[in-house]
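If you read the sequence shown in the numbering used here, its first letter stands for residue -2, the second for the next number, and so on.
No residue lacks a Cβ here, since even glycine has one placed at the ideal position from N, Cα and C.
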Amino acid sequence: MLYFLGFIFLYFISVDLNILWLFGKSPSISELKHPKLAQASELYTSDGVMIGRYFNENRTPADYKHISPVLIKALIATEDARFYEHHGIDFKAFFSAIWATIHGGNRGGSTLTQQLAKNLFKTRNDVSKGLLGYIPVLNTLIGKSKEWTTAVKLEINFSKEEILTMYLNTVDFGSNSFGIKTASKTFFNTAPDSLSISQCAMLVGLLKAPSAYSPISNPKNCLYRRTTVLQQMLKYKVITATEYENCYKDPLPRSIFIEQAYDGPGTYLRGVVNNTLKVWCKKNGYDLYSDGLKIYTTIDSRIQQCAEDALTEHMASLQKRFDQHWEGQNPWVDERNKELPHFIDSLVVRTDYYKAMKKKYGKKSVQLAKALNQKRRMKIFTWKGEKDTSFSIIDSIRYYKRFLHAGFMAMDPHNGAVKAWVGGINYKYFKYDHVKQSKRQPGSTFKPFVYAAAFDEGGYGPCDRMVNKPVTINYIENGEQKSWSPHNADFIFDGDSMTLRHALAMSVNSIAAQMTEKIGWATVAKYAHKCGIQSPLAEVPSICLGSSDVSLYELVGAYATFVNDGVWIEPKFITQVKDRSGKLIYSFTSQTRRAVTQETAFLILDMLKGGLDEGGTSSNLWVYDLFKGGKEPNELGGKTGTSSNHSDGWFVGVSKDLVGGSWVGGEDRCIHFRSTEQGEGAKTALPIFGLFMERVYKNEAIGITKGRFPKPSVKISKPYNCHTRIKKTKKDDVDSADAGN
């Protein structure tokens, strides 16, 4: 007997120490004392609202004191009645399980502590297998031995309450809910300390087999299992007979809430934060999806809501107009507004579904065509909510390509804090981010960089004049002689002399082109980069009209430079990251640099105001409730932009406290309105900013007030309060104006 006991002792020591790598890894003392439970990381706004979570296993730990005592008792009564009597191993239950197995029964013998050991340390996965772990039967024995030794160690290092808490935070309840806190919310939309008796019984019942006993997919099984748990609770006097009868009649939940990555506000920002932290996490040994990090952003939840509501309101209305505009026709057209042939076909062949069907049936088979046209039940996005329908893969692509998309971002120009980020119209259906990920031609929103360069390096000022006349610029690109002759939006060159302020307000292309020729397109590119545009810019004359693609994120940050006295500050959307215990592990700071002089910044800001007070392209802002009710007159400025063929509509607006920008366009550049009247940025993008600022001003709790821009701290040497236009009267006037004097 002594030899047998000695053999058993040596066996367990060998398993625990993994002698000769035969048995596989067992958890170390450090791992036992500090078990690492996979935990969702959380994303917070600057005002303390959680707006997103990152997880592989959707889990948020709960403290013992926040768990219903009835749930604890139900768990013990059902899974481990002698939990408080054993020290990790219940030999009576173990031998009863063996006896039941010999006689064809099925009875579990594992204690809650053993189950915790298996769940927490994955004692039976491939990482924990040694050389003997791949031998049938023997691998089961070794796995069970590890659970025993680990369970005993857990009992030594933790109290019974701590073990119960870890267990309930570890287990899988099904429906993408890990841990009791997430399960309580998923199935009953409540907290673990607010669960009813029948709810406790159902959740404990799910632990046996979450899918088999799901209240949604297997309600009969779920009722049967819940009854079994209630009977155990009655047997061990957790509940009375009356409570049992009442709970027996309680209905199961008819629906559950399964948290998804796209639930809640700020959905597009979550993806951007993920991409931003991916490299940092890898470099510093963190896992965003399991380490329970707390990520704090600059977003204000109230401003974010204003942005989302404004974009939704406008885009729903704009989409209706777009559908009416193209009624009976497809909106994918060439430069002559002729429908592009085979447009949908070219998109279908890029899909994974097509590639799979092609591999299965062959490129020109009847079965392939049938599969592509086979209708399937699905939910689709509409501006009136999700809709059930039947679509083929071709139907689906054709349907979704008709939608206009949008992006919006707002930031504090003085500290770089991004306050709102809306990357699209609906994250669940359209995950592409149109704030930072997307880059499109900015059109005339690029003109302020032309004038900033002219003021800073060319000595020009807002009151200098030029003539609205045809212009042709000859230049060399890549060794090839080229010429460029831009036209104005209205195709009119009236020969009038106008101030540069008025030229920007009315977005006159010919003036911007002439100024670019005078100061050099390389200079324009240099100043755009200094102000915050990071995308590559083609140094060609058309740069002045926004011919190079940029992101909304860059553009809004660059405009903030003019409000921030000429200092560019990098837009920042993350402030700090803390670990699961609340320890600060990283702080984010913004880069800054002097981009233009204070005088130039003030002059450009004044010119942006001209878009409103000179009847310019930003005049549509007057229809919104933005100017009355403040202690002093409210000042706003802005610039519209429209790219070729009206493919992109832009607007960037500035106020003393916020800079906001919006972009609107089709997913493909060939999808757009056919006329300037309907497709210009003033009609497609500007309204989002107007609706947004209305909401911000109305919510006094936000603290954004109406008022004037701060006065510059430097003396302004160049005139800026000037007449807008002088009608051409004689040749001398034309020559003088053409010289910019």
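Given residue i as reference, the closest of the options once Cα atoms are compared
i, options, result
"Thr294", "Gln36, Ile571, Trp418", "Ile571"
"Cys303", "Leu266, Lys416, Pro248, Phe400", "Lys416"
"Ile391", "Gly45, Gln371, Glu551", "Gln371"
"Phe185", "Cys219, Leu249, Val201, Glu632", "Leu249"
"Tyr41", "Asp297, Ser287, Pro467, Thr187", "Asp297"
"Asn465", "Cys197, Asn485, Thr225", "Asn485"
"Met406", "Ser181, Glu551, Ser38", "Glu551"
"Arg590", "Lys527, Ser362, Glu240", "Lys527"
"Met375", "Ser387, Phe488, His411", "Ser387"
"Lys680", "Ala525, Thr520, Ser659, Asp461", "Ser659"
"Ala557", "Ile601, Ser314, Leu581", "Ile601"
"Ile668", "Val560, Asp349, Glu332", "Glu332"
"Pro630", "Gly612, His643, Phe254, Lys606", "Lys606"
"His84", "Thr309, Glu144, Ala414", "Glu144"
"Ala74", "Val345, Ala502, Leu227", "Leu227"
Contact set for residue i: own chain, Cβ-Cβ below 8 Å, skip 5 residues either direction
i, result
"Lys157", "Phe80, Tyr81"
"Asp430", "Tyr265, Gly268, Val269, Gly404, Gly420, Gly421"
"Leu113", "Ala148, Leu151, Ile160, Met163, Tyr164, Thr167"
"Gln595", "Asp562, Gly563, Pro709, Ser710, Val711"
"Tyr789", "For residue 789 there is no data in the structure shown, the boundaries of the chain being -2 and 738."
"Lys89", "Arg79"
Through-space distance from residue j to residue i, alpha-carbon basis
i, j, result
"Ile300", "Glu567", "20 Å"
"Val67", "Asp77", "15 Å"
"Tyr245", "Ser252", "19 Å"
"Gly635", "Phe706", "13 Å"
"Ile663", "Arg399", "Inspection of the sequence shows that residue 663 is occupied by Gly rather than by Ile. Straight-line Cα distance between these residues: approximately 8 Å."
"Gly638", "Lys703", "25 Å"
"Arg671", "Lys33", "58 Å"
"Lys653", "Leu274", "31 Å"
"Glu336", "Arg395", "13 Å"
"Lys715", "Pro459", "8 Å"
"Val620", "Ile48", "33 Å"
"Tyr358", "Arg347", "16 Å"
"Asn423", "His402", "9 Å"
"Thr469", "Glu383", "52 Å"
"Pro36", "Lys182", "Here the sequence assigns Gln to residue 36, which means Pro is not the residue at that position. Taking the straight line from one Cα to the other gives about 16 Å."
"Arg692", "Pro410", "19 Å"
Delimiting residues of the alpha helix (DSSP H) encompassing residue i
i, result
"Leu227", "216 to 232"
"Gln302", "298 to 322"
"Arg692", "683 to 695"
"Gly202", "194 to 203"
"Ser343", "340 to 345"
"Thr673", "673 to 676"
"Val330", "Note, Val330: premise wrong, no alpha helix (DSSP H); not H, not E."
"Leu637", "Correcting the residue identity first, residue 637 is Thr in this sequence and not Leu. No alpha helix (DSSP H) holds Thr637; the beta strand (DSSP E) holding it covers 634 to 639."
"Lys444", "444 to 454"
"Asn465", "Per DSSP, Asn465 belongs to no alpha helix (DSSP H) and is neither H nor E."
Residue i - containing beta strand (DSSP E), residue span
i, result
"Lys178", "Premise fails: Lys178 lies in the alpha helix (DSSP H), 177 to 185, not in any beta strand (DSSP E)."
"Val363", "Premise fails: Val363 lies in the alpha helix (DSSP H), 363 to 370, not in any beta strand (DSSP E)."
"Thr474", "Contrary to the premise, residue 474 reads as Glu rather than Thr in this sequence. Taken as a continuous stretch (DSSP letters only), the beta strand (DSSP E) holding Glu474 covers 470 to 474."
"Tyr358", "Careful: Tyr358 lies outside any beta strand (DSSP E), inside the alpha helix (DSSP H) at 349 to 358."
"Val651", "645 to 651"
"Tyr293", "291 to 294"
"Gly282", "It is not in any beta strand (DSSP E) - Gly282 carries neither H nor E in the DSSP assignment."
"Gly662", "656 to 663"
"Ile377", "373 to 377"
Contact set for residue i: own chain, Cβ-Cβ below 7 Å, skip 5 residues either direction
i, result
"Ile516", "Ala450, Ala451, Glu454, Gly455"
"Tyr210", "Gly202, Leu203, Asn218, Cys219, Arg222"
"Ala180", "Phe170, Ser174, Leu200"
"Asp247", "Ser195"
"Phe378", "Asn423, Tyr426"
"Asp123", "In this prediction, Asp123 scores a pLDDT of 48, lower than 50, which makes its location untrustworthy; the coordinate-derived value is nonetheless stated afterwards. There are no such residues."
Residues of its chain near residue i, where Cβ-Cβ distance is below 6 Å and the 5 sequence neighbours each way are ignored
i, result
"Val593", "Ala449, Asp453, Gly563"
"Ser640", "Gln438, Gly440"
"Ala500", "Ile508"
"Leu231", "Tyr241"
"Pro212", "Cys219, Leu249, Pro250"
Residue i Cβ short of 7 Å to the ligand HEM heavy atom set
i, result
"Leu266", "Among the ligands in the structure shown, none appear at all, so the ligand HEM cannot be discussed."
Problem - Inside the segment 379 to 441 only - beta strand (DSSP E) runs reaching at least 3 residues - result: 384 to 388, 401 to 408, 415 to 419
Handout entry: Entirely enclosed beta strand (DSSP E) segments - the segment 137 to 171, minimum 3 residues
Key = none
Handout entry: alpha helix (DSSP H) segments (min. 4 residues) lying fully within the segment 544 to 610
Key = 549 to 560, 595 to 610
Exercise for the section: Only counting runs of 4 or more residues, tell me where the alpha helix (DSSP H) segments fall wholly within the segment 41 to 89, in order along the chain. Expected result: 66 to 76
Problem - Within the segment 478 to 553, ranges of the beta strand (DSSP E) (whole runs, at least 3 residues) - result: 494 to 496
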